[in-house]
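**Q**
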Amino acid sequence: MSLIITLLSGASLCGRCCRHKVLHPLLGPPLSNSTSKLYSSYRRPGSQPEKKPSWQNVDFSFKKGIDTLKTHLSMLKKETEDFVAGPGGYSLKQYLLEQTRVLWEFRSQEDLNKWVISSDVEIGGKSEVYLKLGRNNQGALLYGTLNTEVPRDGETKYSGYCSMRAKPLMGSFGRKKYYDWSNFNSLYFRVRGDGRPWMINIYTDPYFSHQKDDLYNYFMFTRGGPYWEEIKIPFSKFFLSSRGRVQDDQHPIWLDKASFLQALSISTLGFTIGDKVDGPFQLEIDFIGLFNDRAHTEEFAYETYQKNTEV
363 MSLIITLLSG ASLCGRCCRH KVLHPLLGPP LSNSTSKLYS SYRRPGSQPE
413 KKPSWQNVDF SFKKGIDTLK THLSMLKKET EDFVAGPGGY SLKQYLLEQT
463 RVLWEFRSQE DLNKWVISSD VEIGGKSEVY LKLGRNNQGA LLYGTLNTEV
513 PRDGETKYSG YCSMRAKPLM GSFGRKKYYD WSNFNSLYFR VRGDGRPWMI
563 NIYTDPYFSH QKDDLYNYFM FTRGGPYWEE IKIPFSKFFL SSRGRVQDDQ
613 HPIWLDKASF LQALSISTLG FTIGDKVDGP FQLEIDFIGL FNDRAHTEEF
663 AYETYQKNTE V
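Below, the structure is given as structure tokens:
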């Protein structure tokens, strides 16, 4: 039980302290410090609040604005072409018959740049995490050292986590985009680990502010050794948590991005390690994909019930 709490706490802290970096569509890229302030309310105990307004950190460059405008117009053209072609840029026949899809594969530095790594260093911890290409540019190697020493700030109670998360999709002119996984029922990984457990986190974009820390989680157990393993995790196994605590009111993930006002649509995916074991760790990831398993008919693995039912 303590392992579950630690992993969920690490995933929750990562979600709150390491928000994605969004480029201003016309004014050029702001500094990373000011961007993180926009997406995280966390501040180290005893540290002084930043007095400089975030807008003063924006690079007001006319040339960069024109270049960025051209980039977003080309993105808009590509989105329009994909919309005309069919769902997700695929023809209708291909979309309906699709059984597998590779979401992320790691073959170049550009593929690694689609991900963000973080650790408990952001809350004063001492864990370290790194990400690089594997041997012969085949796969990503996520490695580092886990340290569960709690910061002596008088406030933090738990520490010892490292994580890796994909950057959320962004459309033209800074619009949010979401994943449509409604044709599939399972996540599919090809990984090689060191025997340590990982938490798989699916992030959704909430409609209400009190849902901003909601995550869907499930475990991935690696067996260690020199051989690659292929892991299939049905979406029905993912459970809802918030701020490191499993919620009583469980419901399955909404895989369709066309939900009410885009609420609860899937925005990104990540990995978290926090098994309370100090020392080095590593995880090699070849690819992450989707799979439609026709033999899997389970809709949701956990009990659902109505509260305050009529007598």
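Residue numbering for the sequence shown follows our numbering, beginning at 363 and increasing consecutively. Cβ coordinates follow ideal geometry from the N, Cα and C atoms, glycine included.
1) Under the rule that 16 or more other beta-carbon atoms within 10 Å means buried, what is residue 634, buried or exposed?
2) Which one or two residues does DSSP pair with residue 490 in a beta bridge?
3) Alpha carbon to alpha carbon, how far is residue 511 from residue 641?
4) What would DSSP say about residue 547, mapped onto helix, strand or coil?
5) Compute the distance between the beta-carbons of residue 508 and residue 639, then report whether it is under 8 Å.
6) Would a C-beta distance cut-off of 8 Å place residue 538 and residue 567 closer than the cut-off?
7) Taking buried to mean at least 16 other C-beta atoms within 10 Å of its own C-beta, is residue 530 buried or exposed?
8) Checking contacts by CB at 8 Å: is residue 492 closer than that to chain C?
9) Between the beta-carbon of residue 579 and the beta-carbon of residue 601, is there less than 8 Å?
10) Could you pull out every residue in the same chain whose Cβ sits closer than 7 Å to the Cβ of residue 486, ignoring the five residues on either side in sequence?
11) Do residue 544 and residue 597 have their CB atoms nearer than 8 Å?
12) Can you tell me where the alpha helix (DSSP H) holding residue 528 begins and where it ends?
13) Give the list of continuous beta strand (DSSP E) stretches no shorter than 3 residues that lie fully inside the stretch 443-492.
14) Closest to residue 564 by C-alpha separation, out of 553, 668 and 581, would be which residue?
15) Between which two residues does the beta strand (DSSP E) containing residue 595 stretch?
16) Quick one: grab the DSSP three-state call for residue 441.
17) Can you list, in chain order, the residues of its chain whose CB lies under 8 Å from that of residue 454, leaving out five sequence neighbours each side?
18) Report the rounded CA-to-CA distance for residue 676 versus residue 469, giving the unit in angstroms.
19) Would you list the residues sitting across from residue 502 in a DSSP beta bridge?
20) Relative to the C-alpha of residue 477, which candidate in 645, 570, 663 and 525 has its C-alpha closest?
**A** Taking the coordinates as given:
1) Buried: at least 16 other Cβ atoms inside 10 Å.
2) 507
3) 12 Å
4) Secondary structure at residue 547: coil, using DSSP grouped into helix, strand and coil.
5) In this structure, residue 639 lies closer than 8 Å to residue 508 by Cβ.
6) yes
7) buried
8) Among the chains in the structure shown there is no chain C, since it carries only a single protein chain.
9) yes
10) Its chain contains 406, 513, 515 and 518 as the residues whose beta carbon lies nearer than 7 Å to that of residue 486, once the 5 sequence neighbours on both sides are disregarded; these appear in chain order.
11) It is not a contact, given that the beta carbons lie outside the stated cut-off.
12) In this chain, residue 528 is not harboured by any alpha helix (DSSP H); it is covered by the beta strand (DSSP E) spanning 524-528.
13) 462-467 and 477-481
14) Closest in alpha carbon position to residue 564, among 553, 668 and 581, is 581.
15) Start and end: 591-596.
16) helix
17) Only 448 meet the Cβ criterion.
18) Outside the modelled stretch of the chain, which goes from 363 to 673, sits residue 676, for which no answer is possible.
19) 495 and 647
20) 525
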